[in-house]
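**Student:** Have a look at this one.
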Ligand SMILES: Cc1cc2nc3c(=O)[nH]c(=O)nc-3n(C[C@H](O)[C@H](O)[C@H](O)COP(=O)(O)OP(=O)(O)OC[C@H]3O[C@@H](n4cnc5c(N)ncnc54)[C@H](O)[C@@H]3O)c2cc1C
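In our numbering, the protein residues as written are 2 to 493.
Below, the structure written as C-alpha cells:
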C-alpha cells in the first residue's frame, strides 16, 4: 500500500515527487514512457517567465511568480543549468505600444519584479540586431533545459525514496473504501491512499477514470526550429518575443537562446485532433522562419538543424470563443484524496515548483497532518558535461579516466565519459533518447548520424545490451526499425 501515487513524470509530477519525499511517505510515480520528461516537458521553450502574460488573481499568476523565485536556489541544489538571459517583448506600432503598457500594468498587479518599458535606442543597446520601436524589458526572465530540470527533480526524489515505475501506462483506477487500485498496461496493480493526477495532455482521461472531473483537454501544437550552436553565436543574448497575438493560444513566435548555445524559433499555435500529433509541417516551418526574420533580419541566411513540436493542454476548444481558462489544481469533490492537475499549460514549467509545494503543503500535508522526513537530502549531482568545464578541469579528468579523451559525438564534442555517466543514470533509463537528454549528444548538426552507431556500440560492449534491445524510447521503437525516424528529416 502506497501513501501517494503520482501519475505522470513530466516536470510537474517530478516536482511533486520531490516535494512528497520531504515527508515520511511511501510514494510511487507511474509513467507510461520509458523515461521522465518524454511529454510536453521535453518540448517547450524552456523559458522561466516573469509572470506578466497571465491575468491577475489566477492560479497561473500565483504559481508563475512564486515558481520563478524558487528557481535559482532549486537549480543550485539540483545541479541544473540556469541562465538569467532576460527578455524583451518587442513592438513596432502605436497599437503595440498600448498593448505593451497593458502587459506592464498586468505585471505590476501580479507582483512581477524587474519590468520596464524601453524605446528603440534602449532595444539597440540590449539587442543590436533586433528590429523594434518599443519593448518591455524583463530582467528576471531566465532559461533552463526543461528535460534536465525534470530528470534532476526525479533523480532527487528517487534518492529520497520515491519509486519510479516507467513504461507503465495507467489503464484503470478503482476506488474501494479508503484506497485506490490503479492498474497499468504492464499488469502492475498499485494500491494507494492518495492519487495525484499530473498526466498532462491525458489528465482529463485519468480524471474520467474516477469521474472526478468532466474537463476536456484540447491539444494545441507548437512547432519549433532549432538553429545550430555555431550559427547561433553572437546573434542574441536575451529571449526576444513579439507582442503576443490576442487569440489566447500562445505568446507568439519568439527567439530563445538555450543553455546549450542554440536558438529556438517558435512555437506556432494550432489546434490539432490528436494529443500525440507532434508532426512538423512545412507550411508552419515557413511561417516560423519569416516571423523570426521580422524580429531578427540577420536570420535570413541562417540554416536550421532540426524541427520539433510540443502540444499545449488547452482547456478550451478552437471555436469556443474563450481565450483564458485557469489551471485546475484541487482535490476533487467527487473523489476523496484524488488530486487533479488539469490544463497545466504555459507557464507550467516556471510554475512547477510552486504547484508542487501547493499540492503537498496546502492540499495533502495539512489534511493528513504529515510528518517531515528529517533525512531529506536536497542535493543531487548531475553528470559532468565537458561543455561546461574549463580545459584544465578536462585535463585533470582525462588524467584519471581516458574516456574523457574519446569523442563520441563529433558535432557537440561529447566524450565517452559523458555517455557512460548518462547510461549509468539513477533512474536506470537505457534508451537513446535518455542518453540524448542527459548529454546533448545526437542534438548537433548531424542529429546522431555519426554518434548513434558509436553509442550503440558502447551500450552493447560496456553494459552488455543486445543490439536488438537498443531503442529510441518506447518499447516498440527499436533502433534498427526506427533509424530513419530518429535522425529526422533534414530541415532546409
Ligand atoms: C510549445 C510549448 C511551449 C512552452 N513553453 C513554455 C515555457 O517557455 N515556459 C513555461 O513555463 N512553460 C512552457 N510550456 C508549458 C510547459 O511545457 C508545460 O506546462 C509543462 O511541461 C507541463 O508539465 P506536465 O508535467 O504537466 O506535463 P507532461 O510533461 O506532458 O507530463 C505528463 C506525463 O504524464 C504521462 N502520462 C500520460 N498519460 C499517462 C498514463 N495513462 N499513465 C502513465 N503516465 C501517463 C506522459 O507520458 C507524460 O510524461 C510550453 C508548452 C508548450 C506545448
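Quick reminder that beta carbons are idealized off the backbone N, C-alpha and C, glycines included. Predicted model only: the values in this text are computed from it and were never measured.
Work out the CA separation of residue 424 and residue 410 for me, nearest whole Å.
**Tutor:** The alpha-carbon atoms of residue 410 and residue 424 are separated by roughly 15 Å.
**Student:** Our contact map puts residue 197 next to residue 7 with C-beta atoms below 8 Å; I'd like the distance itself, whole angstroms only.
**Tutor:** Between residue 7 and residue 197 the Cβ distance is about 5 Å, and since that is below 8 Å, they are a contact.
**Student:** Helix, strand or coil for residue 191 per DSSP?
**Tutor:** Reduced to three states, the DSSP call for residue 191 is strand.
**Student:** Looking at residue 233 and ligand 1, is the gap between the Cβ and the nearest heavy atom below 6 Å?
**Tutor:** Result no, Cβ not under 6 Å from ligand 1.
**Student:** Are at least three pairs of beta-carbons, each pair with one atom in the stretch 18-25 and one in the stretch 361-374, less than 8 Å apart?
**Tutor:** Contact between the stretch 18-25 and the stretch 361-374 is present, because at least three Cβ pairs lie under 8 Å.
**Student:** My parser needs the beta strand (DSSP E) runs of 3 or more residues fully inside the stretch 62-121; what are they?
**Tutor:** Runs of the beta strand (DSSP E) inside the stretch 62-121: 88-92 and 116-120.
**Student:** Nearest to residue 107 by alpha carbon, out of 56, 342 and 51?
**Tutor:** Here the closest residue by C-alpha is 56.
**Student:** Give the single residue among 248, 336, 359 and 232 whose Cα lies nearest to the Cα of residue 330.
**Tutor:** Answer by Cα proximity: 359.
**Student:** In terms of alpha-carbon separation, which member of 402, 305 and 353 lies closest to residue 41?
**Tutor:** The candidate whose alpha carbon is nearest that of residue 41 is 353.
**Student:** What does the alpha-carbon distance come out to for the pair residue 294 and residue 300?
**Tutor:** So the alpha carbons of these two residues sit roughly 5 Å apart.
**Student:** Do you know how far the Cα of residue 286 is from the Cα of residue 275?
**Tutor:** Roughly 20 Å separates the two Cα atoms.
**Student:** In the DSSP assignment, find the beta strand (DSSP E) that holds residue 30 and state where it starts and stops.
**Tutor:** Residues 28-31.
**Student:** Between residue 63 and the rest of its own chain, which residues show a CB-CB distance below 8 Å, the 5 nearest in sequence each way excluded?
**Tutor:** Contacts found: 355.
**Student:** For residue 469, is the classification buried or exposed, using 16 other Cβ atoms within 10 angstroms of its Cβ as the cut-off for buried?
**Tutor:** With fewer than 16 Cβ atoms within 10 Å of its Cβ, residue 469 is classed as exposed.
**Student:** Return helix, strand or coil for residue 282, following the three-state DSSP convention.
**Tutor:** Residue 282: coil per DSSP, three-state reduction.
**Student:** Got a sec, what are the start and stop residues for the beta strand (DSSP E) residue 256 sits in?
**Tutor:** First-last of the beta strand (DSSP E) with residue 256: 255-258.
**Student:** Can you tell me whether residue 2 is buried or exposed, with buried defined as 16 or more other CB within 10 angstroms of its CB?
**Tutor:** With fewer than 16 Cβ atoms within 10 Å of its Cβ, residue 2 is classed as exposed.
**Student:** Using the C-alpha atoms, what's the distance from residue 437 back to residue 473?
**Tutor:** When rounded, the distance between both Cα atoms is 10 Å.
**Student:** Mind listing, in chain order, the continuous beta strand (DSSP E) runs of no fewer than 3 residues lying wholly within the stretch 178-246?
**Tutor:** Qualifying beta strand (DSSP E) stretches, in chain order: 181-185, 190-198, 219-228 and 240-243.
**Student:** Please say whether residue 267 and residue 236 have beta carbons closer to each other than 7 Å?
**Tutor:** Cβ distance not < 7 Å, so residue 236 and residue 267 don't count as in contact.
**Student:** With burial defined as no fewer than 16 other Cβ atoms inside 10 Å of the residue's Cβ, what is the status of residue 175: buried or exposed?
**Tutor:** It counts as exposed.
**Student:** Look up residue 360 in the DSSP assignment and say whether it is helix, strand or coil.
**Tutor:** Three-state result, residue 360: helix.
**Student:** With a 10 Å radius around its C-beta and 16 neighbouring C-beta atoms as the bar for buried, classify residue 11 as buried or exposed.
**Tutor:** Its Cβ being crowded by 16 or more others within 10 Å, residue 11 is buried.
**Student:** What is the DSSP secondary structure of residue 302, reduced to helix, strand or coil?
**Tutor:** If DSSP states are grouped into helix, strand and coil, residue 302 belongs with the helices.
**Student:** Identify the continuous alpha helix (DSSP H) that holds residue 158 and give its terminal residues.
**Tutor:** Unbroken alpha helix (DSSP H) run through residue 158: 147-160.
**Student:** If you follow the alpha helix (DSSP H) that residue 462 is in, where does it begin and where does it stop?
**Tutor:** Segment 452-464, the alpha helix (DSSP H) holding residue 462.
**Student:** Kindly provide the ranges of any beta strand (DSSP E) runs that are 3 or more residues long and lie completely inside the stretch 347-431, ordered along the chain.
**Tutor:** Complete beta strand (DSSP E) runs here, min 3: 408-410.
**Student:** Using the C-alpha atoms, what's the distance from residue 321 back to residue 199?
**Tutor:** Taking the straight line joining both Cα atoms gives about 25 Å.
**Student:** Strictly by DSSP, which residues pair up with residue 317?
**Tutor:** DSSP lists no partner for residue 317.
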